[in-house]
Ligand code: SER
């Protein structure tokens with residue numbers, strides 16, 4: 008018998024770190040095997056069963072994984088974020104789309120071997136939205152999942168298409184085959200807003216001004232914010248992001264009215280983020296130096312998203328609002344890191 012495991016790709020990213028820490032605290036979870044091109048930070052190494060260093064584009068490596076393990080759930084986190092992707096759009100497409108197809112195919116094969124669907128949990132993003140101008144953004148308010156899905160970034164296009172692929176592999180895979188090809192995979196996605204962790208920093212995203220501002224202030228470094236003071240998109244504290252992934256993963260399929268859900272917590276302007284950071288770190292030296300092209304990406308993302316469906320279907324409710332995210336999680340945890 009192959010041991011049952013949870014597979015996490017892109018595990019060394021900041022969502023991966025948070026997820027591994029959280030899974031390690033949950034009783035009765037299968038052990039975690041991670042796949043990351045960079046290996047795994049040694050601080051969380053003891054929390055996982057095995058680390059595979061490798062590429063999600065390496066299909067031979069993915070085959071060895073299904074030979075060795077019975078994978079019950081995949082958290083497919085590996086991706087190139089929005090800013091990085093614009094410097095190499097075709098490379099981003101390979102990782103973000105072909106990598107996801109490889110994992111979905113592996114999950115399908117695994118589902119057939121098990122006779123039961125493999126859960127495939129996918130972080131999508133507010134980058135799937137594309138609002139044409141600031142007036143439309145202001146008028147749109149909290150956008151629903153099926154509105155304004157005309158992304159302007161390669162990353163947004165990739166995430167939106169992968170959502171469709173997930174639906175296809177779940178409900179329609181090889182629909183013309185002579186024999187019933189089910190069970191398919193059981194794909195579920197959350198569209199994350201910008202994420203802010205007290206413990207890690209994102210790499211290559213466009214919502215990075217929020218965590219960068221905060222961590223620079225905590226470290227006593229100057230910060231040039233690359234968006235205008237009035238830039239506004241939704242954000243979430245990392246523990247809520249992890250709880251969204253785990254809650255969606257554990258919800259019975261019959262309660263899901265859709266497979267892709269908005270989730271959000273708070274949506275401050277850059278100036279409000281700056282104020283709350285300055286209040287915590289009075290010596291913070293933050294200036295605005297908008298990068299017009301990164302600003303344009305942020306301007307194309309909604310000021311808020313409507314997460315009614317997640318609240319209704321699987322009881323989504325963030326633990327932190329803006330004040331408590333900073334007051335109870337970010338500031339004390341960062342302070343502890345600096346003094347601990
Ligand atoms: N945080 C991501 C980015 O900025 C959005 O999902 O690319």
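Numbering (this note's numbering), first residue to last: 8 to 347.
From the three backbone atoms N, C-alpha and C, an ideal C-beta is built for every residue, glycine too.
Note that the coordinates shown come from a computational prediction; the quantities given were computed from them, not determined experimentally.
Item: Contact belief for residue 77 with residue 9 at Cβ below 8 Å, rounded distance in angstroms; Value: 5 Å
Item: Residue 307 versus 259, 91, 214, residue with shortest Cα-Cα distance; Value: 214
Item: Ranges of the beta strand (DSSP E) found wholly within the region 152-212, counting only runs of at least 3; Value: 193-199, 201-203
Item: C-alpha gap between residue 320 and residue 263, whole angstroms; Value: 6 Å
Item: Secondary structure of residue 44, DSSP reduced to three states; Value: coil
Item: Reduced DSSP category for residue 336 - H, G, I as helix; E, B as strand; rest coil; Value: helix
Item: Reduced DSSP category for residue 133 - H, G, I as helix; E, B as strand; rest coil; Value: helix
Item: Sequence-distant residues of its chain with Cβ nearer than 6 Å to residue 38 (five each side left out); Value: 12, 56
Item: Cβ separation of residue 18 and residue 43, assumed to be a contact under 8 Å, to the nearest whole Å; Value: 5 Å
Item: Contact the region 247-264 vs the region 218-227: 3+ CB pairs below 8 Å; Value: no
Item: Cα-Cα separation between residue 231 and residue 82, rounded to whole angstroms; Value: 34 Å
Item: CB-CB length for residue 166 against residue 125, believed under 8 Å; Value: The pair is not a contact, with the Cβ atoms about 20 Å apart (cut-off 8 Å).
Item: Any non-hydrogen atom of ligand 1 within 8 Å of residue 201 CB; Value: yes
Item: Rounded straight-line distance, which links the Cα of residue 184 to that of residue 16; Value: 30 Å
Item: Residue 228 (DSSP reduced to helix, strand or coil); Value: coil
Item: Whole-Å CB distance - residue 204 paired with residue 160, under 8 Å assumed; Value: Contact flag wrong, Cβ pair sits at about 22 Å.
Item: For residue 311, the three-state DSSP class (helix, strand or coil); Value: strand
Item: Classification of residue 23 by the beta-carbon crowding that lies within 10 angstroms, buried from 16 upward; Value: buried
Item: Sufficient close CB pairs (3 or more, under 8 Å) joining the region 105-114 to the region 169-188; Value: yes
Item: For residue 244: DSSP bridge partner residues; Value: 203
Item: Rounded C-alpha distance that separates residue 240 from residue 274; Value: 5 Å
Item: Three-state class that DSSP yields for residue 90 in the structure shown; Value: helix
Item: Sufficient close CB pairs (3 or more, under 8 Å) joining the region 270-287 to the region 188-203; Value: yes
Item: Proximity test, residue 215 beta-carbon vs ligand 1 heavy atom, cut-off 8 Å; Value: yes
Item: Per DSSP, cross-strand counterpart(s) of residue 276; Value: 239
Item: Local Cβ density within 10 Å of residue 248, reported as buried at 16 or more and exposed below that; Value: buried
Item: Residue 147 vs residue 138 beta-carbon contact at 9 Å; Value: yes
Item: Cβ neighbour criterion (16 or more within 10 Å) applied to residue 152; Value: buried
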